[in-house]
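Number of protein chains: 2
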Amino acid sequence: MRAVTLEDIAGIVGVSAKTVSRVVNKDPHVSPATRQRISDAIEQAGYRPNLAARSLATARSNLIGIFVPPAGSHFFSELVRSAMRACREHGYNLALEEFDGRRESAADTYRRGLRQQRCDGVILPPVAGDDMDLLDLLDQDGVRYVRISPAAQLHRSLSINADHARGTAAVAEHFWANGHRRFGLVAANPGVASGRIRRESFIGALMSRGIGLEAIEIVEFDSLVDQWGGTDWSLIDLGRLGGRRLLDTEAPPTAIFTYNDELAAGVVAEAQALGISVPRDLSVAGFDDSDAARLCSPALTTARQPIADIAAMAVAALAGEPQMPYQAISCPVSLVVRQSTATAPMSGF
Amino acid sequence: MRAVTLEDIAGIVGVSAKTVSRVVNKDPHVSPATRQRISDAIEQAGYRPNLAARSLATARSNLIGIFVPPAGSHFFSELVRSAMRACREHGYNLALEEFDGRRESAADTYRRGLRQQRCDGVILPPVAGDDMDLLDLLDQDGVRYVRISPAAQLHRSLSINADHARGTAAVAEHFWANGHRRFGLVAANPGVASGRIRRESFIGALMSRGIGLEAIEIVEFDSLVDQWGGTDWSLIDLGRLGGRRLLDTEAPPTAIFTYNDELAAGVVAEAQALGISVPRDLSVAGFDDSDAARLCSPALTTARQPIADIAAMAVAALAGEPQMPYQAISCPVSLVVRQSTATAPMSGF
DNA sequence: ACAATGAATGTCAGCGCTGACATGATCAGT
DNA sequence: ACTGATCATGTCAGCGCTGACATTCATTGT
Chain A
13 MRAVTLEDIA
23 GIVGVSAKTV
33 SRVVNKDPHV
43 SPATRQRISD
53 AIEQAGYRPN
63 LAARSLATAR
73 SNLIGIFVPP
83 AGSHFFSELV
93 RSAMRACREH
103 GYNLALEEFD
113 GRRESAADTY
123 RRGLRQQRCD
133 GVILPPVAGD
143 DMDLLDLLDQ
153 DGVRYVRISP
163 AAQLHRSLSI
173 NADHARGTAA
183 VAEHFWANGH
193 RRFGLVAANP
203 GVASGRIRRE
213 SFIGALMSRG
223 IGLEAIEIVE
233 FDSLVDQWGG
243 TDWSLIDLGR
253 LGGRRLLDTE
263 APPTAIFTYN
273 DELAAGVVAE
283 AQALGISVPR
293 DLSVAGFDDS
303 DAARLCSPAL
313 TTARQPIADI
323 AAMAVAALAG
333 EPQMPYQAIS
343 CPVSLVVRQS
353 TATAPMSGF
Chain B
13 MRAVTLEDIA
23 GIVGVSAKTV
33 SRVVNKDPHV
43 SPATRQRISD
53 AIEQAGYRPN
63 LAARSLATAR
73 SNLIGIFVPP
83 AGSHFFSELV
93 RSAMRACREH
103 GYNLALEEFD
113 GRRESAADTY
123 RRGLRQQRCD
133 GVILPPVAGD
143 DMDLLDLLDQ
153 DGVRYVRISP
163 AAQLHRSLSI
173 NADHARGTAA
183 VAEHFWANGH
193 RRFGLVAANP
203 GVASGRIRRE
213 SFIGALMSRG
223 IGLEAIEIVE
233 FDSLVDQWGG
243 TDWSLIDLGR
253 LGGRRLLDTE
263 APPTAIFTYN
273 DELAAGVVAE
283 AQALGISVPR
293 DLSVAGFDDS
303 DAARLCSPAL
313 TTARQPIADI
323 AAMAVAALAG
333 EPQMPYQAIS
343 CPVSLVVRQS
353 TATAPMSGF
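These protein sequence lines are chains A and B, in that order.
If you read the first sequence in the numbering used here, its first letter stands for residue 13, the second for the next number, and so on.
If you read the second sequence in the numbering used here, its first letter stands for residue 13, the second for the next number, and so on.
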């Protein structure tokens, strides 16, 4: 019971295999009548193109690779899901590559895995996209790639950047509008582009409102890791640590912004442990609108990246015939207000 | 800059392409000396087999398909992640197919999508594995499949079954031992085998302790989806809805078991919103030991399936040359006790 | 009426690999 | 030394498709 081939259809209809191929590939140079007969025969015989043969003939794999971290975060599961959908629409397949930056470089991971697959394009989310060896390798192999919110050599490739700056500023303004005047920030390592941008934007937005630096207490992510000691921390644990550092002071902030939702959830948990009510005494906002934001109680005010759009654009750029010029595409980040933020308490005075 | 081919390596070493192919495919009939020279040349020239050509020649795609639901639960992200790893180890690729049973039958989804890919094998997690049309189609196409915890025609294929019954019974007994006597259950569609089994096991275990049906309030998953209206629900949202239905009553249960952790987290959130303290006034237990279980505060008591093992076995069965005989493999499920369950409150009397 | 155009369709090699089979070399047993 | 078995290696077609190019035929302008 062999599978149906182009040749079979050609035989049925009485044309050459090439003409059938034309119909399958939507080549316009086929007469409507012939096209119809061929389409019918394809339908009737249940013909399905052999992708391997096509790949071999065209020297394209119709595969798009994507690097994903070993631990499943909201951002990545959403990204993969959306990318998969987009790939299907473009007739591509998505190949996942698990990448643990703590064990191996992105370039090595690529060498070991995805490279065998001869992807036509690769999507490089944060961290993987900042490995210059990997980019060199990709260039050398002639594999196109799109980076998502990269941190280094921004001019080097097409990149899709969530507008972390504006999203962060929106959070700052939301705090300000609610009367907050003393702030805390749990900031990520400035080596991560999004971390640096969010930090600077938060501070910048507040300063432009007249807030002085002395009213913004900053806790560094790295210092929390150091404080924790071991390697078995979770983001929530670090968030608790950060929350304690910010809240267990003379004049604690009334509003805290963190690099992501998991950290924010930790801050909330710690505040509650200290008898500080959220949002009555303290407002907390995170970033990403992840599951953690909804699981947290009260639910977190947060900033949401349009992950599905980002994935769709990345795939489109890779799948599209015309090589898109190198450029940086920006995506809006929107503020999602939930119950973890409210009007500043009066009690301060 | 053409890619390196078998022929190129053959030319360098001075043997035929076939011999190189033998080395690549670990055919034992190659002399150690030749093998070594060829291996060196492959290494040196950076040869990588063309998977498409191989597929075409062998009529095998080296692809394993898997059906995943549109909303990302822990179970499925873990399953996909583990299956992906296992596939890599066996030299296979994993093709995801998003399947929404509420929109389309699994068979139709397969026709539209995965079928084009000509997978060598398909992994059918719950729901998809219970669509007999799909199984017929797969048999007809000569595509092997493994079902995970199927609900129907259990004899029909190799299946891997987590012991949901025993895991669920363990939860019920844990509740009972803590003095609970009024129960709530957020149950999945009985069409889903694991859903039906968990429902029946929970009820059965309680009844065998002398609990009457009137003391077990059941909320159906599907009815929650209907109640929600739109399609933009998350499991947590539905859990909250379910929690409200169970708790906002005359004689609310003191212990609630849900189909999975995300739902349980929703129940906890809703309970807290209603001013009900977990676990003082209410014990809640989920299933899966997902991230949600640890993010939730208090952390959830839950039952853990060995998802990685399940995925690895499924892939091994599909990738292994010798067709494994039809059989049902059983995997243990273990109870993980955390802070969301405790002794029943006295207040009832 | 005839060349020039262009649209519809066909021919064919070859993408890189492997399966089936053929060949030649080596070796044990008589 | 000769036979037959065993092992190492080679030959070659063909998997199903598409790109480059060739051919056929109807249409148009002059």
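Quick reminder that beta carbons are idealized off the backbone N, C-alpha and C, glycines included.
The structure displayed is predicted, hence computed values, not measured ones.
I need the DSSP call for residue i, collapsed to helix, strand or coil.
{"i": "Phe214/A", "result": "helix"}
{"i": "Met358/A", "result": "coil"}
{"i": "Arg159/A", "result": "strand"}
{"i": "Cys131/B", "result": "coil"}
{"i": "Cys343/B", "result": "strand"}
{"i": "Ser295/B", "result": "strand"}
{"i": "Thr180/A", "result": "helix"}
{"i": "Leu312/A", "result": "coil"}
{"i": "Glu262/A", "result": "coil"}
{"i": "Ala267/A", "result": "strand"}
{"i": "Ala196/A", "result": "As written in the sequence, residue 196/A is Gly, which differs from the Ala given in the question. Strand, per DSSP."}
{"i": "Leu106/B", "result": "strand"}
{"i": "Val280/B", "result": "helix"}
{"i": "Val36/A", "result": "helix"}
{"i": "Gly222/B", "result": "coil"}
{"i": "Gly203/B", "result": "coil"}
{"i": "Gly77/A", "result": "strand"}
{"i": "Leu170/B", "result": "coil"}
{"i": "Glu229/A", "result": "strand"}
{"i": "Glu55/A", "result": "helix"}
{"i": "Val348/A", "result": "strand"}
{"i": "Leu136/B", "result": "strand"}
{"i": "Gly23/A", "result": "helix"}
{"i": "Gly141/B", "result": "helix"}
{"i": "Leu11/B", "result": "Any property of residue 11/B remains undetermined from this structure, which presents chain B solely from 13 to 361."}
{"i": "Phe87/B", "result": "helix"}
{"i": "Glu116/B", "result": "coil"}
{"i": "Ala98/A", "result": "helix"}
Taking all protein chains shown into account, decide if residue i is buried (16 or more other Cβ within 10 angstroms of its Cβ) or exposed.
{"i": "Met144/A", "result": "exposed"}
{"i": "Asp301/B", "result": "buried"}
{"i": "Gln48/A", "result": "exposed"}
{"i": "Gly360/A", "result": "Low local confidence applies: a pLDDT of 45 at Gly360/A is under 50, so the model's placement there is unreliable, with the coordinate-based value given in what follows. Exposed, by the Cβ-count rule."}
{"i": "Ser28/A", "result": "exposed"}
{"i": "Ser295/A", "result": "buried"}
{"i": "Pro291/B", "result": "buried"}
{"i": "Thr261/B", "result": "exposed"}
{"i": "His192/A", "result": "buried"}
{"i": "Asp112/B", "result": "exposed"}
{"i": "Arg342/B", "result": "The sequence given here places Ser at residue 342/B; Arg does not occur at that position. When all chains shown are included, Ser342/B counts as exposed."}
{"i": "Asn173/A", "result": "buried"}
List the residues of chain B whose Cβ lies closer than 8 Å to the Cβ of residue i, in chain order.
{"i": "Arg60/A", "result": "Arg127, Gln128, Arg130"}
{"i": "Ser73/A", "result": "Leu63, Ala64"}
{"i": "Ala281/A", "result": "Ser309"}
What residues of chain B sit near residue i, judged by a beta carbon separation below 7 Å?
{"i": "Arg100/A", "result": "Gly125"}
{"i": "Leu250/A", "result": "In chain order: nothing, as chain B lies at least about 14 Å away."}
Who are the neighbours of residue i on chain B, taking C-beta pairs under 9 Å?
{"i": "Leu18/A", "result": "Near Leu18/A there are no residues of chain B at all, since even the closest Cβ is about 13 Å away, more than 9 Å."}
{"i": "Leu147/A", "result": "The contacting residues do not exist; Leu147/A stays about 18 Å from chain B at best."}
{"i": "Leu330/A", "result": "Those within 9 Å of Leu330/A in chain B number zero; the least Cβ separation is about 17 Å."}
Whose Cβ in chain A lies nearer than 9 Å to the Cβ of residue i?
{"i": "Ser352/B", "result": "Result: empty, since nearest Cβ-Cβ is about 13 Å, beyond 9 Å."}
Practice task
May I ask you to verify whether the stretch 156-169 of chain A touches the stretch 188-207 of chain A, counting CB pairs closer than 8 Å and requiring at least 3?
Solution key: Touching, per the Cβ criterion.
Problem - Proximal residues, the stretch 103-135 of chain A versus chain B, C-beta separation under 8 Å - result: When CB distances to chain B are screened at a threshold of 8 Å, the residues of the stretch 103-135 of chain A falling below it are Asn105, Leu106, Ala107, Leu108, Glu110, Gly125, Arg127, Gln128, Gln129, Arg130, in chain order.
Handout entry: Where the stretch 287-320 of chain B meets chain A: residues whose CB sits under 9 Å from a CB there
Key = So the close ones are Asp303, Ala304, Arg306, Leu307, Cys308, Ser309.
Exercise for the section: Determine contact between the stretch 217-230 of chain A and the stretch 182-202 of chain A, defined as no fewer than three beta-carbon pairs at a distance below 8 Å. Expected result: With a cut-off of 8 Å, the stretch 182-202 of chain A and the stretch 217-230 of chain A count as touching, because enough Cβ pairs lie within range.
Problem - Segment contact, 8 Å Cβ cut-off, at least three pairs: the stretch 132-139 of chain B with the stretch 138-152 of chain A - result: Look at the beta carbons and you see the stretch 132-139 of chain B not touching the stretch 138-152 of chain A: under three pairs across the two are nearer than 8 Å.
Practice task
Could you run through the stretch 218-248 of chain B and flag, in chain order, every residue whose CB is less than 8 Å away from some CB of chain A?
Solution key: Under the 8 Å Cβ criterion, the stretch 218-248 of chain B contributes Ser246, Ile248.
Problem - Selection of the stretch 85-98 of chain B by Cβ proximity to chain A, strictly under 7 Å - result: Those residues of the stretch 85-98 of chain B that come within reach of chain A (Cβ to Cβ, closer than 7 Å) are Ser89, Arg93, Met96, Arg97.
Practice task
Pull out every residue of the stretch 254-285 of chain B whose Cβ sits closer than 7 Å to any Cβ of chain A, in chain order.
Solution key: Taking 7 Å as the Cβ-Cβ cut-off against chain A, the residues of the stretch 254-285 of chain B that qualify are Ala277, Ala281, Gln284.
Problem - Contact the stretch 270-290 of chain A vs the stretch 99-107 of chain A: 3+ CB pairs below 8 Å - result: The stretch 270-290 of chain A, when compared against the stretch 99-107 of chain A, does not touch it at the 8 Å Cβ threshold.
Problem - Three CB pairs or more closer than 8 Å across the stretch 31-44 of chain B and the stretch 337-351 of chain A - result: The stretch 31-44 of chain B vs the stretch 337-351 of chain A: no contact.
Handout entry: Any 3 or more C-beta pairs closer than 8 Å across the stretch 104-122 of chain A and the stretch 48-59 of chain A
Key = Counting Cβ pairs under 8 Å, fewer than three are found: no touch.
Exercise for the section: Pull out every residue of the stretch 150-178 of chain B whose Cβ sits closer than 8 Å to any Cβ of chain A, in chain order. Expected result: Answer set for the stretch 150-178 of chain B: Gly154.
Problem - Segment contact flag, the stretch 303-310 of chain A with the stretch 305-314 of chain B, C-beta cutoff 8 Å, min 3 pairs - result: Enough Cβ pairs lie closer than 8 Å, so yes.
Practice task
For the stretch 191-206 of chain B, enumerate the residues whose C-beta is nearer than 8 Å to any C-beta of chain A, in chain order.
Solution key: Taking 8 Å as the Cβ-Cβ cut-off, the stretch 191-206 of chain B has no residue approaching chain A.
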